[in-house]
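*Asks:* Order-wise, the sequence lines are chains S and G.
Be aware that the first sequence starts at 1, since it is given in the UniProt record's numbering, and climbs by one per residue.
Be aware that the second sequence starts at 1, since it is given in the UniProt record's numbering, and climbs by one per residue.
Here it is, the structure in full.
Number of protein chains: 2
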Amino acid sequence: MPTLEFWYDFASPYSWMAAERIDGLAAAAGLAVRWRPFIIGPILRLRPDNPSPLQNAPPAQRAYRRRDVERLCARYGLPLRWPTSYPRNGLLGARLARAASPDIRPALSRAIYRANFVDDREISDATVIRDVVAAQGLDADALLAAALTDANKRGLVADVDAAIAHGIFGAPSFLIGPELFWGNDRLELAIAWAQQPWL
Amino acid sequence: MPTLEFWYDFASPYSWMAAERIDGLAAAAGLAVRWRPFIIGPILRLRPDNPSPLQNAPPAQRAYRRRDVERLCARYGLPLRWPTSYPRNGLLGARLARAASPDIRPALSRAIYRANFVDDREISDATVIRDVVAAQGLDADALLAAALTDANKRGLVADVDAAIAHGIFGAPSFLIGPELFWGNDRLELAIAWAQQPWL
């Protein structure tokens, strides 16, 4: 069975929904998940029509997106509190999640998401991130130091380049080998594809 | 039980998928569907970042969209043949579907979609549309004449204005009273909402 690659950005509420759902769905399907934190901002900025939530989208679509996120979170049982600052910069979170070992990365990533989308905390602030890491029972100083090494920073830049090479243009994205799926609403489809491609 | 309003554009492959699925899903849920043909072009052109499939979207996203449509159609059992001209202008189809009585509108609309997305026919051509209508056993001359009256043309313009007033910015869209859902991938959610809102 192939691995399900999960590319996620801490600024993205749809990435949060996927982060809360993917382990259960993948386990039920007998699939391994590889968590790939990244940042979508540099990719969106390459576009002539930057579709960032705070730029260019017309008021009707922005209002819709907010309602859609609220409806879906309620449906999934996720206690969303809309961040007073949105979107928050996910760079520090991505560096930290990348520096964490794969066995602790999923729970740590969900904790960062909940700091942002449930507790309305400023996840680009190192003090906040330190609290979140410590609350997971992890060595916050060591993990923050690992997150901020040049090697880890450069590694994240290389990951963004790899995302572009895979054709990724939004978050969350899922990869089954070369097959790309975009959006929390394609997670079930990606898992079905991993089990048995139909095309 | 409220009515499910279905807003669709004949240029849109995701609208086609919804048109093929909505009657079965709504019937199973005990819901009535009101089919509302419209054209999304005038709404997209109001945007600074016109997201029309042929304008502005970067190559990675255009390639993804095509693959996504192919995967979904195969999954739904729809025999997609990608139109050699895409997107085709859906204006004549919308005028015609609007002029048709509500009892024949769903089947006629699906026939127009299949002309475009299965038989690769130019649905903006009145000769093609006449064939499609006649193949449904309908009076093609009478329906085309009704489609092209000033009253029907003005009615469609008013429908587009109504769509904007409802906050519609893409196709397909679904309305349960004032509650808006966008995209074929929100059809099941819209039906669940019609049965019991959860927020």
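Where is the CB? At the ideal position from N, CA and C, for every residue including glycine.
Beta-carbon of Gly-155 (chain G) versus every beta-carbon of chain S: anything under 8 angstroms?
*Replies:* The residue labelled residue 155 (chain G) in the question sits at position 155 within the second sequence. Output row for Gly-155 (chain G): interface = no.
*Asks:* Do the segment 154 to 170 of chain G and the segment 32 to 51 of chain G meet, that is, are 3 or more Cβ pairs less than 8 angstroms apart?
*Replies:* Taking 8 angstroms as the limit for Cβ pairs, the verdict is that the segment 32 to 51 of chain G does touch the segment 154 to 170 of chain G.
*Asks:* Quick one: residues in its chain with C-beta nearer than 7 angstroms to the C-beta of Pro-2 (chain G), no 5 flanking neighbours on either side, listed in chain order?
*Replies:* As a working note, residue 2 (chain G) is residue 2 in the second sequence. Contacts found: Ile-176, Gly-177 and Ala-194.
*Asks:* Would you decide whether Val-157 (chain G) is buried or exposed? Buried here means 16 or more other CB atoms lie within 10 Å of its CB.
*Replies:* To locate residue 157 (chain G), count along the second sequence from 1; it is residue 157. Exposed.
*Asks:* Between the segment 29 to 47 of chain S and chain G, which residues of the former have a C-beta closer than 8 angstroms to a C-beta of the latter?
*Replies:* Result list: Leu-46 and Arg-47.
*Asks:* So does the segment 83 to 98 of chain S actually touch the segment 20 to 38 of chain S, counting three or more Cβ pairs closer than 8 angstroms?
*Replies:* Yes, since at least three Cβ pairs between the segment 83 to 98 of chain S and the segment 20 to 38 of chain S fall closer than 8 angstroms, the two stretches touch.
*Asks:* Taking C-alpha atoms, which residue in G:Ala-74, G:Arg-62, G:Asp-185 and G:Ala-135 lies nearest to Arg-110 (chain G)?
*Replies:* Locating residue 110 (chain G) in the second sequence gives position 110, counting from the first residue. Of G:Ala-74, G:Arg-62, G:Asp-185 and G:Ala-135, the residue nearest in Cα terms is G:Ala-135.
*Asks:* Would a C-beta distance cut-off of 8 angstroms place Ser-15 (chain S) and Asp-23 (chain S) closer than the cut-off?
*Replies:* For this step, residue 15 (chain S) is matched to residue 15 along the first sequence. For this step, residue 23 (chain S) is matched to residue 23 along the first sequence. It is not a contact, given that the beta carbons lie outside the stated cut-off.
*Asks:* If we ignore side chains and look at the alpha-carbon of each, how far apart do Leu-4 (chain S) and Ala-162 (chain S) end up?
*Replies:* Taking the first residue of the first sequence as 1, we reach residue 4 (chain S) at position 4. Taking the first residue of the first sequence as 1, we reach residue 162 (chain S) at position 162. Looking at the two C-alpha atoms, the distance is approximately 16 angstroms.
*Asks:* Measuring only between beta-carbons, confirm whether Leu-180 (chain S) sits less than 8 angstroms from chain G.
*Replies:* The count along the first sequence starts at 1 and reaches residue 180 (chain S) at position 180. For Leu-180 (chain S), the answer is yes, since a Cβ of chain G falls inside 8 angstroms of its Cβ.
*Asks:* Scan the segment 10 to 50 of chain G and note each continuous beta strand (DSSP E) run of 3 residues or more that stays entirely inside, going in chain order.
*Replies:* Counting only runs of 3 or more, we get 33 to 37.
*Asks:* Just by C-beta distance, which residues in the segment 183 to 196 of chain G are closer than 9 angstroms to chain S?
*Replies:* Correct list: Gly-183, Asp-185, Arg-186, Leu-189, Ala-192 and Trp-193.
*Asks:* Cβ of Arg-34 (chain S) within 8 angstroms of Cβ of Leu-187 (chain S)?
*Replies:* For the purposes of this step, residue 34 (chain S) is identified with residue 34 of the first sequence, where counting begins at 1. For the purposes of this step, residue 187 (chain S) is identified with residue 187 of the first sequence, where counting begins at 1. Against a cut-off of 8 angstroms, the Cβ pair of Leu-187 (chain S) and Arg-34 (chain S) comes out as no contact.
*Asks:* In whole angstroms, give me the CA-to-CA distance for Leu-143 (chain G) and Ala-63 (chain G).
*Replies:* As a position in the second sequence, residue 143 (chain G) is number 143, starting the count at 1. As a position in the second sequence, residue 63 (chain G) is number 63, starting the count at 1. Roughly 38 angstroms between the two C-alpha positions.
*Asks:* Check whether the Cβ atoms of Ile-191 (chain S) and Leu-25 (chain S) sit closer than 8 angstroms, and answer yes or no.
*Replies:* By one-based count along the first sequence, residue 191 (chain S) stands at place 191. By one-based count along the first sequence, residue 25 (chain S) stands at place 25. Yes, the Cβ-Cβ distance between Ile-191 (chain S) and Leu-25 (chain S) is below 8 angstroms.
*Asks:* Using a Cβ-Cβ cutoff of less than 8 angstroms, which residues in the same chain neighbour Ala-151 (chain S) once the five nearest sequence positions on both sides are dropped?
*Replies:* The count along the first sequence starts at 1 and reaches residue 151 (chain S) at position 151. Excluding positions up to five away in sequence, the list is empty.
*Asks:* Return the CA-CA distance between Val-132 (chain G) and Arg-81 (chain G), expressed in angstroms with no decimal places.
*Replies:* Taking the first residue of the second sequence as 1, we reach residue 132 (chain G) at position 132. Taking the first residue of the second sequence as 1, we reach residue 81 (chain G) at position 81. Straight-line Cα distance between these residues: approximately 17 angstroms.
*Asks:* For a test of the three-state rule: what should DSSP assign to Phe-117 (chain G), helix, strand or coil?
*Replies:* For the purposes of this step, residue 117 (chain G) is taken as the residue at position 117 of the second sequence. The answer is helix: DSSP assigns Phe-117 (chain G) an H, G or I state.
*Asks:* Please tell me whether Ala-115 (chain G) and Ala-147 (chain G) are closer than 8 angstroms, where the distance is taken between their beta carbons.
*Replies:* Locating residue 115 (chain G) in the second sequence gives position 115, counting from the first residue. Locating residue 147 (chain G) in the second sequence gives position 147, counting from the first residue. Not closer than 8 angstroms, so no.
*Asks:* So the beta strand (DSSP E) Glu-5 (chain S) belongs to, where does it begin and stop?
*Replies:* As a position in the first sequence, residue 5 (chain S) is number 5, starting the count at 1. Looking at the DSSP string, the run of the beta strand (DSSP E) that includes Glu-5 (chain S) is 4 to 8.
*Asks:* If distances are taken between C-alpha atoms only, which option among S:Ser-12, S:Phe-117, S:Gly-137 and S:Arg-95 comes closest to Ala-126 (chain S)?
*Replies:* Taking the first sequence and counting its residues from 1, the one referred to as residue 126 (chain S) is at position 126. Among S:Ser-12, S:Phe-117, S:Gly-137 and S:Arg-95, the Cα nearest to that of Ala-126 (chain S) belongs to S:Arg-95.
*Asks:* If you count every other CB in all the chains shown that lies within 10 Å of the CB of Ser-12 (chain S), and 16 or more means buried, which is it?
*Replies:* For the purposes of this step, residue 12 (chain S) is taken as the residue at position 12 of the first sequence. That one is buried.
*Asks:* Among G:Asp-103, G:Val-128, G:Pro-102 and G:Ser-101, which residue has its Cα nearest to the Cα of Tyr-113 (chain G)?
*Replies:* Position 113 of the second sequence holds residue 113 (chain G). For the residues G:Asp-103, G:Val-128, G:Pro-102 and G:Ser-101, the minimum Cα distance to Tyr-113 (chain G) belongs to G:Val-128.
*Asks:* Could you tell me whether the Cβ of Pro-2 (chain S) comes closer than 8 angstroms to any Cβ of chain G?
*Replies:* Taking the first sequence and counting its residues from 1, one reaches residue 2 (chain S) at position 2. No, Pro-2 (chain S) does not count as interfacial toward chain G.
*Asks:* Where DSSP assigns a beta bridge to Phe-174 (chain S), which residues make up the other side?
*Replies:* Taking the first sequence and counting its residues from 1, one reaches residue 174 (chain S) at position 174. Answer is S:Phe-6 and S:Phe-181.
*Asks:* Does any residue of chain S have a CB that is nearer than 8 angstroms to the CB of Glu-70 (chain G)?
*Replies:* On the second sequence, position 70 is the one that residue 70 (chain G) refers to. It does: the Cβ of Glu-70 (chain G) has a partner Cβ on chain S nearer than 8 angstroms.
*Asks:* For Gln-61 (chain S), which option in G:Ala-28, G:Gly-183 and G:Leu-138 has the closest C-alpha, if you only look at C-alpha atoms?
*Replies:* Translated into the one-based positions of the first sequence, residue 61 (chain S) becomes position 61. When each option's Cα is compared against that of Gln-61 (chain S), the closest is G:Gly-183.
*Asks:* Phe-169 (chain G) versus chain S: which residues are under 8 angstroms apart at the beta carbon?
*Replies:* Here residue 169 (chain G) refers to the residue found at position 169 of the second sequence. Chain S residues near Phe-169 (chain G): Pro-58, Ala-60, Gln-61 and Tyr-64.
*Asks:* Check the Cβ-Cβ distances between Leu-80 (chain G) and every residue of chain S, and say whether any is below 8 angstroms.
*Replies:* The sequence position of residue 80 (chain G) within the second sequence is 80, counting from 1. Judged by the 8 angstroms Cβ criterion, Leu-80 (chain G) is not in contact with chain S.
*Asks:* Does any residue of chain G bring its CB to less than 8 angstroms from the CB of Leu-175 (chain S)?
*Replies:* To locate residue 175 (chain S), count along the first sequence from 1; it is residue 175. No, no contact with chain G.
*Asks:* For chain S, find out if any of its Cβ atoms is closer than 8 angstroms to the Cβ of Arg-75 (chain G); answer yes or no.
*Replies:* Your numbering for residue 75 (chain G) matches position 75 in the second sequence. Yes, its Cβ sits closer than 8 angstroms to a Cβ of chain S.
*Asks:* Near Glu-122 (chain G), what residues of its chain come up, given a Cβ to Cβ distance below 8 angstroms and the 5 sequence neighbours on each side ignored?
*Replies:* Residue mapping note: residue 122 (chain G) aligns to position 122 of the second sequence, counting from 1. Ser-85, Arg-88 and Val-128, listed in sequence order.
*Asks:* Quick one: measure Cβ to Cβ for Phe-117 (chain G) and Pro-172 (chain G), integer angstroms, because I've assumed they're closer than 8 angstroms.
*Replies:* In the second sequence, residue 117 (chain G) corresponds to position 117, counting from 1. In the second sequence, residue 172 (chain G) corresponds to position 172, counting from 1. Between Pro-172 (chain G) and Phe-117 (chain G) the Cβ distance is about 14 angstroms, and since that is not below 8 angstroms, they are no contact.
*Asks:* Leu-189 (chain G) to Asp-141 (chain G), Cα distance in whole Å?
*Replies:* Reading the second sequence from its first residue, position 189 is the one you call residue 189 (chain G). Reading the second sequence from its first residue, position 141 is the one you call residue 141 (chain G). If you take the alpha carbons of Leu-189 (chain G) and Asp-141 (chain G), they lie about 39 angstroms apart.
*Asks:* Which of helix, strand or coil does DSSP assign to Trp-82 (chain S)?
*Replies:* Translated into the one-based positions of the first sequence, residue 82 (chain S) becomes position 82. Three-state result, Trp-82 (chain S): coil.
*Asks:* At 7 angstroms on the CB atoms, spell out the chain G contacts of Leu-199 (chain S), in chain order.
*Replies:* Residue numbering aside, residue 199 (chain S) sits at position 199 when the first sequence is read from its first letter. Those are Glu-70, Arg-71 and Ala-74, listed as they occur along chain G.
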